[in-house]
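Data first, discussion second: the structure below is written as structure tokens.
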Amino acid sequence: MIKTLLAASLLASASAFAPAPVAKAAAPLKERFDRLRYVEVKHGRISMLAILGNLVTGAGVYLPGSIDRAGTEFSSIPTGFGAFDAISGAGIAQIVGFVGFLELFVMKDVTGEAE
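Numbered per mature numbering (1 follows the signal peptide of the UniProt record, and there is no 0), the sequence shown spans residues -16 to -1, 1 to 99.
The following block contains the structure:
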């Protein structure tokens, strides 16, 4: 009887040190986390490309040709925020429209794996 009681108390004390069961994360929470991770990676890549473009044009490397039908050369467009003053409103609208098209139709998480 004492051996049984001793064995039961040892088992009870051993279970006190066993790891507690971890609750599984809810599927919607995991999906939201995966979506946020995907968006963060995408924005990081866009930021890296923007910095690379700024460095390249700052070094004096430009696309050949003209930016519009009036003959404005790419090399005459200043770098940074000064470009907004040099590009017409229609040109900026084209850029925003193109980026919006890429965001909505091209750069999608088709596989669902945030890659």
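The beta-carbon is built from N, C-alpha and C at its ideal position, and this holds for glycine as well.
Does the Cβ-Cβ distance between residue i and residue j come in under 8 Å?
i, j, result
"asparagine 38", "threonine 56", "no"
"phenylalanine 68", "isoleucine 76", "yes"
"lysine 26", "methionine 91", "yes"
List the whole-angstrom C-beta distance separating residue i from residue j, where the pair is believed to meet the contact cut-off of C-beta under 8 Å.
i, j, result
"alanine 70", "isoleucine 61", "5 Å"
On the criterion of 16 or more Cβ atoms from any shown chain inside 10 Å, does residue i qualify as buried, or is it exposed?
i, result
"isoleucine 51", "buried"
Of all the options the options, which has the alpha carbon lying nearest to the alpha carbon of residue i?
i, options, result
"residue 102", "Ala54, Val40, Phe58 and Val83", "The structure shown does not extend to residue 102, since the chain is modelled only from -16 to 99, so the question has no answer here."
"threonine 41", "Ser72, Gly66 and Gly28", "Gly66"
"arginine 53", "Tyr46, Ser72 and Ala43", "Ser72"
"threonine 95", "Ile35, Ile30 and Asp18", "Asp18"
I'd like the span of the alpha helix (DSSP H) that includes residue i, first residue to last.
i, result
"threonine 41", "11 to 42"
"alanine 54", "First-last for alanine 54: undefined, no H or E at that position."
"valine 45", "Where valine 45 is concerned, there is no enclosing alpha helix (DSSP H), given that its DSSP letter is neither H nor E."
"glycine 73", "73 to 85"
"phenylalanine 68", "67 to 70"
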